[in-house]
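Residue numbers (the numbering used here), protein chains in the order written: chain A, 24 to 492; chain B, 36 to 226. Structure record follows, encoded as structure tokens.
Laid out in structure tokens, this is it:
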């Protein structure tokens, strides 16, 4: 019985061995579409992560930057104090200081560095704001301080053999440094006048501190913090949203009719899909750290900005064989072109290519081997072309270049905001990571179109910079 | 994927598998072209119509492409793909299986199928007969007679008792015998 059953089953297995039936082509199309949507789903997830990271970085940078700027304003630094206009008290105090006897001046200077700094600041303030009279005072004080330093060092020379005088040596050295600082903070005229009256013998003794590098400590510090002029190459990935929408006061519904010649209109179906898609940009830039806190940079960038879209209308021209999906606008088809409706939405790629000239100002939050800045600026963008093509390549692609017939302006302006994390690689190189957000300030579309577009994008860039010596 | 690691697959299949694992659409199409015709026949055995079978085939291929990275080459590629398709078809039929619970007809006398002249029929004719079986019988007949599962395995797979599996299989055989006898009589009548 069992053998007979097996025989029965084997007969069935044999009957179906190698059996084949060709499935309809639709099966593969659906598999393909499903895989594509799966791929784009994964990609969209990654794009969303990129967007969230970029947005979070921007929010953090702007927040920290805002706090930093506020803090700077409410707690002015030494240099900022020096730049502030002098007060009446300063003017009143300065003559007193300059009239102090040398001994007491020396003690006062050597006692606290802060106090001397204040004097130096006052001197600088006075010299900048109070004219020749103050300059004379400043010179007097500087001279006093240097006299003191000289006197102290002379004393030290005499007592050099006495090792117990190390404290005095330190005091004298401090005095010299402080005197240098006072000189360094004076205008050049004051320095020159100070140097003129120094006796040659003393210059020989003290020149390392006074003559040759009177302003070097400050300059060196500036140079360490200031990276000077740089040039860089960069690229960025971003999520681009053309942000299509109806133009103000104009019809937003589809105006496309199915009759010949009626296709020469624009359309903006409510059910048309438009999603941000992966885009990229590359270019070069030049910049300069113009001060300890500020950066100025600009450059040239080529960008390919993609958006996903869909359409259920096809423009078909029997004479030319043109079959192109329509999305928002036409490309001035001739009167023989007809609109056909597609049974299923056609997935489209809406691609813009631009050349941009960004100009940005950056505020440095952290300055060091790792630096951090927030940047903002404007980018002038020149449209090269817009291409609408379908994902499957089943239809003709439509290209629109700037011109009288194009619905897009040849040039529009984008606002930029971003943050920049910079790492100094050593030598003359730096690498930076730059989350950024751009939004069109002027519309990409020309006035009078039945749709408007103010593109925006959220991206992450990488830039390698070379710092010139 | 290293082609040498695929012990039971040909070099050509290994190349296609590698391409599919990378998401190469051309390789995916090649794999589809190689096996879709055979797999459609399998799907048709579990379904009632071509449309339904194509749905199952489509779903199975998506699963195959998404899980091909996990294919280790321990079984033949066709066997692995066929298993995925059968499971897809079972999931597809599962709702129907629950809608029409299979009654235990174990006491039914097992027919002697030895004299059923199956070899005289083209597979499309047999396919039609299988599709006419009630869903439960159809599934169990396919699993037992053609895929080679035993009743214990079928019971586990479908979450039914072994007895139900056996009785449903017996019923399927009986119904098929009736269909063949009917077809025979029609054929003789025509002659």
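We treat Cβ as the ideally placed atom computed from N, Cα and C, and that holds for glycine.
C-beta contact flag for residue i and residue j at 9 angstroms
i, j, result
"residue 403 of chain A", "residue 375 of chain A", "no"
"residue 367 of chain A", "residue 441 of chain A", "no"
"residue 394 of chain A", "residue 457 of chain A", "no"
"residue 369 of chain A", "residue 308 of chain A", "no"
"residue 55 of chain B", "residue 103 of chain B", "yes"
"residue 467 of chain A", "residue 424 of chain A", "no"
"residue 486 of chain A", "residue 255 of chain A", "yes"
"residue 397 of chain A", "residue 388 of chain A", "yes"
"residue 318 of chain A", "residue 306 of chain A", "no"
"residue 62 of chain B", "residue 78 of chain B", "no"
"residue 438 of chain A", "residue 259 of chain A", "no"
"residue 324 of chain A", "residue 377 of chain A", "yes"
"residue 70 of chain B", "residue 42 of chain A", "no"
"residue 76 of chain B", "residue 411 of chain A", "no"
"residue 192 of chain B", "residue 204 of chain B", "no"
"residue 80 of chain B", "residue 189 of chain B", "no"
"residue 218 of chain B", "residue 173 of chain B", "no"
"residue 165 of chain B", "residue 211 of chain B", "yes"
Min CB distance residue i to chain B below 9 angstroms
i, result
"residue 32 of chain A", "yes"
"residue 36 of chain A", "yes"
"residue 39 of chain A", "yes"
"residue 475 of chain A", "no"
"residue 448 of chain A", "no"
"residue 349 of chain A", "no"
"residue 256 of chain A", "no"
"residue 484 of chain A", "no"
"residue 277 of chain A", "Residue confidence is low: residue 277 of chain A scores 36 on pLDDT, short of 50, so the model does not pin down where it sits. Its coordinate-derived value is still stated next. With 9 angstroms as the cut-off, residue 277 of chain A does not count as an interface residue toward chain B."
"residue 58 of chain A", "yes"
"residue 245 of chain A", "Because the pLDDT of residue 245 of chain A is 43, which lies under 50, any placement of that residue in the model is unreliable, and the number read from its coordinates should be weighed accordingly. Closer than 9 angstroms: no."
Residue i at chain A interface by Cβ criterion, 9 angstroms
i, result
"residue 180 of chain B", "yes"
"residue 186 of chain B", "no"
"residue 80 of chain B", "yes"
"residue 38 of chain B", "Residue confidence is low: residue 38 of chain B scores 45 on pLDDT, short of 50, so the model does not pin down where it sits. No coordinate-derived value is stated."
"residue 89 of chain B", "yes"
"residue 123 of chain B", "no"
"residue 127 of chain B", "no"
"residue 161 of chain B", "yes"
"residue 174 of chain B", "no"
"residue 168 of chain B", "no"
"residue 226 of chain B", "With a pLDDT of 43 at residue 226 of chain B, under the threshold of 50, the modelled position of this residue cannot be trusted; read the value that follows with caution. No, its Cβ sits nowhere closer than 9 angstroms to a Cβ of chain A."
"residue 52 of chain B", "no"
"residue 44 of chain B", "no"
Spatially closest choice to residue i from the options, by CA coordinates
i, options, result
"residue 322 of chain A", "A:401, A:467 and A:415", "A:401"
"residue 459 of chain A", "A:80, A:424 and A:40", "A:80"
"residue 363 of chain A", "A:42, A:377 and A:346", "A:346"
"residue 49 of chain B", "B:109, B:128, B:89 and B:165", "B:109"
"residue 52 of chain A", "B:53, B:90 and B:212", "B:90"
"residue 228 of chain B", "A:38, A:390, A:421 and A:266", "Absent from the structure is residue 228 of chain B, since the part of chain B shown begins at 36 and ends at 226."
"residue 266 of chain A", "A:331, A:327 and A:320", "A:331"
"residue 84 of chain B", "B:162, B:97, B:195 and B:105", "B:162"
"residue 99 of chain B", "B:45, B:122, B:208 and B:80", "B:122"
"residue 72 of chain B", "B:113, B:192, B:204 and B:213", "B:113"
"residue 160 of chain B", "A:59, A:35, A:57 and A:251", "A:35"
"residue 409 of chain A", "A:391, A:392, A:399 and A:430", "A:430"
"residue 449 of chain A", "A:415, A:490 and A:327", "A:490"
"residue 328 of chain A", "A:40, A:478 and A:413", "A:478"
Under 8 angstroms, CB to CB, which of the residues in the segment 57-72 of chain B have a partner in chain A? 58, 60, 63, 64, 67, 71 and 72
Any chance you could list the alpha helix (DSSP H) runs of at least 4 consecutive residues sitting entirely within the segment 312-349 of chain A, in chain order? none
Taking a Cβ distance cut-off of 8 angstroms, strictly less, list which residues of the segment 42-56 of chain A are near chain B, in chain order. 42, 43, 44, 45, 46, 47, 49, 50, 51, 53, 54 and 55
Where are the beta strand (DSSP E) runs, 3 residues long or more, that stay fully inside the segment 379-459 of chain A, in chain order? 393-413, 421-423 and 434-449
Residues of the segment 73-84 of chain A with Cβ closer than 8 angstroms to any Cβ of chain B, in chain order: none
4 or more residues per run - each alpha helix (DSSP H) lying fully within the segment 74-103 of chain B: 85-102
Residues in the segment 93-119 of chain B having any Cβ partner in chain A nearer than 8 angstroms: 93, 96, 97, 100 and 101
Pull out every residue of the segment 184-215 of chain B whose Cβ sits closer than 8 angstroms to any Cβ of chain A, in chain order. 208
What are the uninterrupted segments assigned as alpha helix (DSSP H) that are 4 or more residues long and contained completely in the segment 165-220 of chain B, given in chain order? 170-176 and 186-193
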